[in-house]
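*Asks:*
Protein chains: 2
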Amino acid sequence: MSEIRQDPTTKVWVIIAPERAKRPQQEVKKRRDGDFPEWDKDCPFCPGNENKTPLETFRLPASAPSQPWKVRVVPNQFAAVTAEENTSRIEDGPLFRKMGGYGLHEVIIESPSHNTTIALMPYEQVERVLIAYQDRYNTLKKDPAIQSITIFKNHGQKAGISLIHPHSQLVATPILAPHYNRKFDIAHEYYADTGRCLYCDLIDWDLKNTERVIGETRNFSVIQPYAPHVPYETWIMPKTHCASFGLFPATHLAELARVLKDVLFCLHEELDNPAFNYMIDSTTTTDEESPFYHWHLRIVPRITTIAGFEMGSGMYVNTTLPEDTAQIMKKRMNELHEKEEISITPTI
Amino acid sequence: MSEIRQDPTTKVWVIIAPERAKRPQQEVKKRRDGDFPEWDKDCPFCPGNENKTPLETFRLPASAPSQPWKVRVVPNQFAAVTAEENTSRIEDGPLFRKMGGYGLHEVIIESPSHNTTIALMPYEQVERVLIAYQDRYNTLKKDPAIQSITIFKNHGQKAGISLIHPHSQLVATPILAPHYNRKFDIAHEYYADTGRCLYCDLIDWDLKNTERVIGETRNFSVIQPYAPHVPYETWIMPKTHCASFGLFPATHLAELARVLKDVLFCLHEELDNPAFNYMIDSTTTTDEESPFYHWHLRIVPRITTIAGFEMGSGMYVNTTLPEDTAQIMKKRMNELHEKEEISITPTI
Numbered sequence: 086m087s088e089i090r091q092d093p094t095t096k097v098w099v100i101i102a103p104e105r106a107k108r109p110q111q112e113v114k115k116r117r118d119g120d121f122p123e124w125d126k127d128c129p130f131c132p133g134n135e136n137k138t139p140l141e142t143f144r145l146p147a148s149a150p151s152q153p154w155k156v157r158v159v160p161n162q163f164a165a166v167t168a169e170e171n172t173s174r175i176e177d178g179p180l181f182r183k184m185g186g187y188g189l190h191e192v193i194i195e196s197p198s199h200n201t202t203i204a205l206m207p208y209e210q211v212e213r214v215l216i217a218y219q220d221r222y223n224t225l226k227k228d229p230a231i232q233s234i235t236i237f238k239n240h241g242q243k244a245g246i247s248l249i250h251p252h253s254q255l256v257a258t259p260i261l262a263p264h265y266n267r268k269f270d271i272a273h274e275y276y277a278d279t280g281r282c283l284y285c286d287l288i289d290w291d292l293k294n295t296e297r298v299i300g301e302t303r304n305f306s307v308i309q310p311y312a313p314h315v316p317y318e319t320w321i322m323p324k325t326h327c328a329s330f331g332l333f334p335a336t337h338l339a340e341l342a343r344v345l346k347d348v349l350f351c352l353h354e355e356l357d358n359p360a361f362n363y364m365i366d367s368t369t370t371t372d373e374e375s376p377f378y379h380w381h382l383r384i385v386p387r388i389t390t391i392a393g394f395e396m397g398s399g400m401y402v403n404t405t406l407p408e409d410t411a412q413i414m415k416k417r418m419n420e421l422h423e424k425e426e427i428s429i430t431p432t433i
Numbered sequence: 086m087s088e089i090r091q092d093p094t095t096k097v098w099v100i101i102a103p104e105r106a107k108r109p110q111q112e113v114k115k116r117r118d119g120d121f122p123e124w125d126k127d128c129p130f131c132p133g134n135e136n137k138t139p140l141e142t143f144r145l146p147a148s149a150p151s152q153p154w155k156v157r158v159v160p161n162q163f164a165a166v167t168a169e170e171n172t173s174r175i176e177d178g179p180l181f182r183k184m185g186g187y188g189l190h191e192v193i194i195e196s197p198s199h200n201t202t203i204a205l206m207p208y209e210q211v212e213r214v215l216i217a218y219q220d221r222y223n224t225l226k227k228d229p230a231i232q233s234i235t236i237f238k239n240h241g242q243k244a245g246i247s248l249i250h251p252h253s254q255l256v257a258t259p260i261l262a263p264h265y266n267r268k269f270d271i272a273h274e275y276y277a278d279t280g281r282c283l284y285c286d287l288i289d290w291d292l293k294n295t296e297r298v299i300g301e302t303r304n305f306s307v308i309q310p311y312a313p314h315v316p317y318e319t320w321i322m323p324k325t326h327c328a329s330f331g332l333f334p335a336t337h338l339a340e341l342a343r344v345l346k347d348v349l350f351c352l353h354e355e356l357d358n359p360a361f362n363y364m365i366d367s368t369t370t371t372d373e374e375s376p377f378y379h380w381h382l383r384i385v386p387r388i389t390t391i392a393g394f395e396m397g398s399g400m401y402v403n404t405t406l407p408e409d410t411a412q413i414m415k416k417r418m419n420e421l422h423e424k425e426e427i428s429i430t431p432t433i
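As structure tokens, this is what we get:
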């Protein structure tokens, strides 16, 4: 039983989910590979323990019988939101507003291996993870009550991880967060003024000026944004206009996998396996063809702490210039491909 | 040399301050009292080391010659913003906007004692800290370039502390953060609709309904908000309408000190000395008489981590109901005053 409440002073929605307090919390110390075993008998996400999770909603099977699966998606056992609740808004006295904690909360188990991470996976495994993301996105958006779908990954203790086994999460809610309202309003106004997509213009500008570009492929531009909240914040942006991650051509997911893994590998090397979050910023499920929004993947390393100034003012303090850190990352990205250590196999 | 840049996709301002990367970072382990010495010869905030800080801007002297001072305020040596920069907005190409990192960044040294914290200080010392806050607020607001003043405290490593010696900070900027724009817009609309202050109405409602009230004094209401971002989030609100912390009657600071210390003491006991941030949410310096805004002090314990869902959606997940945690805190607050362990001495 959870509920979603709105703060009347900020209009921010908060999911109140006592169930999540019961979730197990593993001790996640800073680690290099090999600090954990490849298989853990107590891990609910390890092969052989499939009965420890709710019934899976998606699976990419293994090619060999020695492995049971490549990627699994399961409902989150300690879900913030569930499909049992009601989506009607309830006026809770004259000042407050709430609704049932309706929604879907799933876990994408990225690999059967307990001790890997996207930065160290083969490209084809990362592609499988992205295929799972898109499949679930496109399945869950069919629920007419759902307004927005957030796909995100937490890596490392400072990024809020509770289980070590590599996984991402997906939360579908009947709420459009004010955060997105604001981004959409700004992009919409830009479109109304100029007739163009703000993100398309940003990509064009950055690719021309190059100082914040850390990599470019046929379909993607990888930049550090002009005003990053934290050092090494990185955005992966599709070059061709597309508002919804759900509508992005599946044929490009292999290329996205290479880009994502390379960026995370370079961050892993440069910052010594930092904690990070990444989020796929997509449009609403009811406006997937929007001419003014443009999906992108945002990587936010957690090497600094959000403190009182940020929480009090809503501004951020960043101790690095993105033009400087972009050069460091660009050098690493170039070296990676000079070495060609990892063979590119874009099919699954 | 710092600059303030605006993200064109969110309009959020980011202070880019490479100077702050040089600030010392002390190892702050979880602690009880006595884990640190009362005086540390290497601490720039300890008595005897006054020459290790920039020249002080405010001091409350000691009553006895054996102590050099009660509270000091000094400019932050690793300031995010400085008075040397220019406040003109610069269009940085067709898409970006920036300005010089103008502003004032000060440190309020809360006590000569290296190993104390507000939860454990005498009431009269907490009052001195608040007097310093208000004095600096009212001095710095006279700068016509300043738009907003954020007073905040970080306590504990998870809250972003870099030095152990108890201190708060004040940052005055020529920017009104979008966070506040939003809060003001919401409060303004409520005022336009009802002719009343949203916060006054919230206080009245909560005091009548009591389920989220953890304490009440003549001039203050202490509540846990309806939709707290995190467990045990607590707001201290002046009962009488007042938009600006700068205009709040100085005669009530002794009472505020008692309330603040009691709340922090109860959190300290209940959550075993948790990391926390508090922020004074005040109006802009140019609209101090606003009929629709209402200053308050927000305490945010950092016992959970802001993760990918929060960063991606702008929504929050909280695992506790404020009505439940408010009862726990209320019980502690009541016990505190039944015991009358600490004598109340409201003068400095």
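Taken in sequence, the protein lines are chains Z and X. Sequential numbering of the first sequence, starting at 86, is according to this note's numbering. Sequential numbering of the second sequence, starting at 86, is according to this note's numbering. C-beta atoms are modelled at their ideal positions from N, C-alpha and C, and glycine is treated no differently.
(1) Mind checking if residue 394/X is an interface residue toward chain Z, Cβ cutoff 7 Å exclusive?
(2) Listing by chain order, which chain X residues have their CB less than 7 Å from the CB of residue 91/Z?
(3) Residues of chain Z with a CB under 9 Å from the CB of residue 245/X: which are they?
(4) Whole angstroms is fine: what's the gap from residue 326/X's alpha carbon to residue 181/Z's?
(5) Inspect the beta-carbon positions of residue 329/X and residue 371/X and report whether they are closer than 7 Å.
(6) When the cut-off is 7 Å and only beta carbons count, does residue 398/X lie next to chain Z?
(7) Please compile the residues from chain X whose C-beta is within a distance smaller than 7 Å of the C-beta of residue 264/Z.
(8) Can a CB atom of chain X be found closer than 7 Å to the CB of residue 402/Z?
(9) Check the Cβ-Cβ distances between residue 103/Z and every residue of chain A, and say whether any is below 7 Å.
(10) Ordered along the chain, which non-local residues of its own chain (more than five positions away) have a Cβ less than 7 Å from that of residue 413/X?
(11) Classify residue 435/Z: buried if its beta carbon has 16 or more other beta carbons within 10 angstroms, exposed otherwise.
(12) Buried or exposed for residue 108/X, please, with buried defined as at least 16 other CB atoms from any protein chain shown within 10 angstroms of its CB.
(13) Cβ closer than 7 Å: which chain Z residues qualify as neighbours of residue 286/X?
(14) Suppose the cutoff is 7 Å on Cβ atoms and the five residues either side in sequence are ignored; what does the same chain contact list for residue 202/Z look like?
(15) Take the Cβ of residue 436/Z as the centre, count every other Cβ of all protein chains shown within 10 Å, and call the residue buried at 16 or more, exposed below.
(16) Counting Cβ pairs, one atom from each stretch, are 3 or more of them under 8 Å apart for the segment 359 to 367 of chain X and the segment 382 to 397 of chain X?
(17) I want to see whether chain Z comes within less than 7 Å of residue 346/X, judged by CB atoms only; does it?
(18) So, using beta-carbon positions, are residue 344/X and residue 305/X closer together than 7 Å?
(19) Whole angstroms is fine: what's the gap from residue 229/Z's alpha carbon to residue 176/Z's?
(20) With distances taken from CA atoms, which of 208/Z, 336/Z, 160/Z, 263/Z is nearest residue 188/Z?
(21) Mind listing the chain Z neighbours of residue 173/X? Cutoff is C-beta to C-beta under 8 Å, in chain order.
(22) Kindly indicate which three-state DSSP category residue 185/Z falls into: helix, strand or coil?
(23) Looking at the structure shown, is residue 380/X part of a helix, part of a strand, or coil, going by DSSP?
(24) Excluding the 5 residues preceding and the 5 following residue 194/X in the sequence, name in chain order all residues of the same chain whose CB lies nearer than 6 Å to its CB.
(25) Would residue 350/Z pass as an interface residue toward chain X - the criterion being a Cβ-Cβ separation below 7 Å?
(26) Suppose contacts are defined by Cβ-Cβ distances below 7 Å. Is residue 418/Z in contact with residue 288/Z by that definition?
(27) Taking residue 366/Z as the query, report the chain X residues whose CB atoms sit under 8 Å from its CB, ordered along the chain.
(28) Would you mind sorting residue 438/X into buried or exposed? The rule is 16 or more other CB atoms within 10 Å of its CB.
(29) Would residue 94/Z be called buried (16 or more neighbouring beta carbons within 10 Å of its own) or exposed?
(30) Quick one: what's got a C-beta closer than 8 Å to residue 335/Z's C-beta in the same chain, skipping five residues either side?
(31) I need the straight-line Cα distance from residue 264/Z to residue 244/Z, nearest angstrom please.
(32) Indicate the three-state DSSP secondary structure (helix, strand or coil) for residue 101/X in the structure shown.
(33) From this set, 317/Z, 373/Z, 340/Z, which residue's C-alpha is nearest residue 410/Z's C-alpha?
(34) Quick one: grab the DSSP three-state call for residue 250/Z.
(35) Can you have a look at residue 366/X and say buried or exposed, based on whether 16 or more other CB atoms are within 10 angstroms of its CB?
(36) So residue 177/Z is in the beta strand (DSSP E); what residue range does that whole segment cover?
*Replies:* So, from the data block:
(1) As a first step, residue 394/X is located in the second sequence; it is residue number 309 there, counting from the start. Chain Z, which has a Cβ nearer than 7 Å to the Cβ of residue 394/X, makes this yes.
(2) The residue given as residue 91/Z occupies position 6 in the first sequence. Residues of chain X passing the Cβ test: 312.
(3) For this step, residue 245/X is matched to residue 160 along the second sequence. Per Cβ cutoff of 9 Å: 389, 390, 391, 392, 393, 394, 395.
(4) What you label residue 326/X is simply residue 241 of the second sequence in a count that begins at 1. What you label residue 181/Z is simply residue 96 of the first sequence in a count that begins at 1. Using only the alpha carbons, I get a separation of about 20 Å.
(5) Working through the second sequence from its first residue, we reach residue 329/X at position 244. Working through the second sequence from its first residue, we reach residue 371/X at position 286. The answer is no: Cβ separation not under 7 Å.
(6) Numbered from 1 along the second sequence, position 313 holds the residue referred to as residue 398/X. With 7 Å as the cut-off, residue 398/X counts as an interface residue toward chain Z.
(7) In the first sequence, the residue the question calls residue 264/Z occupies position 179. Under the 7 Å cutoff, chain X gives 398, 399.
(8) Indexing the first sequence from 1 puts residue 402/Z at position 317. Taking Cβ atoms only, chain X reaches closer than 7 Å to residue 402/Z, which makes this a yes.
(9) No chain A appears in this structure, whose protein chains are Z and X.
(10) Position 328 of the second sequence, counted from the first residue, corresponds to residue 413/X. Excluding residues within five positions, the ones whose Cβ falls inside 7 Å are 355.
(11) What is shown of chain Z runs 86 to 433, which leaves residue 435/Z out entirely.
(12) Residue mapping note: residue 108/X aligns to position 23 of the second sequence, counting from 1. Flag for residue 108/X reads exposed.
(13) Stepping through the second sequence from its first residue, residue 286/X is reached at position 201. 180, listed in chain order.
(14) Reading the first sequence from its first residue, position 117 is the one you call residue 202/Z. Taken in chain order, the residues that qualify are 240, 251.
(15) This structure gives no information on residue 436/Z, because the portion of chain Z shown stretches from 86 to 433.
(16) yes
(17) Your numbering for residue 346/X matches position 261 in the second sequence. So no, residue 346/X is outside the interface.
(18) As a working mapping, residue 344/X is identified with position 259 in the second sequence. As a working mapping, residue 305/X is identified with position 220 in the second sequence. It is a contact, given that the beta carbons lie within the stated cut-off.
(19) In the first sequence, residue 229/Z corresponds to position 144, counting from 1. In the first sequence, residue 176/Z corresponds to position 91, counting from 1. Those two C-alpha atoms are separated by around 22 Å.
(20) As a position in the first sequence, residue 188/Z is number 103, starting the count at 1. Selected option, being the one with the closest Cα: 160/Z.
(21) What you label residue 173/X is simply residue 88 of the second sequence in a count that begins at 1. Near residue 173/X there are no residues of chain Z at all, since even the closest Cβ is about 17 Å away, more than 8 Å.
(22) Here residue 185/Z refers to the residue found at position 100 of the first sequence. In this structure, residue 185/Z counts as strand in the three-state DSSP scheme.
(23) Your numbering for residue 380/X matches position 295 in the second sequence. It is coil, neither helix nor strand.
(24) Here residue 194/X is taken as the residue at index 109 of the second sequence, counted from 1. These residues qualify, in order along the chain: 130, 157, 252.
(25) As a working mapping, residue 350/Z is identified with position 265 in the first sequence. No, no contact with chain X.
(26) Taking the first residue of the first sequence as position 1, residue 418/Z is located at position 333. Taking the first residue of the first sequence as position 1, residue 288/Z is located at position 203. No, the pair does not count as a contact, with Cβ atoms beyond the cut-off.
(27) By 1-based counting over the first sequence, the position of residue 366/Z is 281. 397, listed in chain order.
(28) Residue coverage of chain X in this structure runs from 86 to 433, which leaves residue 438/X outside it and unanswerable.
(29) The count along the first sequence starts at 1 and reaches residue 94/Z at position 9. Residue 94/Z should be labelled buried.
(30) Numbered from its first residue, the first sequence carries residue 335/Z at position 250. Cβ neighbours of residue 335/Z beyond the five flanking positions: 216, 219.
(31) As a working mapping, residue 264/Z is identified with position 179 in the first sequence. As a working mapping, residue 244/Z is identified with position 159 in the first sequence. If you take the alpha carbons of residue 264/Z and residue 244/Z, they lie about 20 Å apart.
(32) Here residue 101/X is taken as the residue at index 16 of the second sequence, counted from 1. The answer is strand: DSSP assigns residue 101/X an E or B state.
(33) Reading the first sequence from its first residue, position 325 is the one you call residue 410/Z. When each option's Cα is compared against that of residue 410/Z, the closest is 317/Z.
(34) If you number the first sequence from 1, residue 250/Z lands on position 165. Coil, per DSSP.
(35) In the second sequence, counting from the first residue as 1, residue 366/X sits at position 281. Buried.
(36) Taking the first sequence and counting its residues from 1, one reaches residue 177/Z at position 92. Run containing residue 177/Z: 175 to 177, per the beta strand (DSSP E) assignment.
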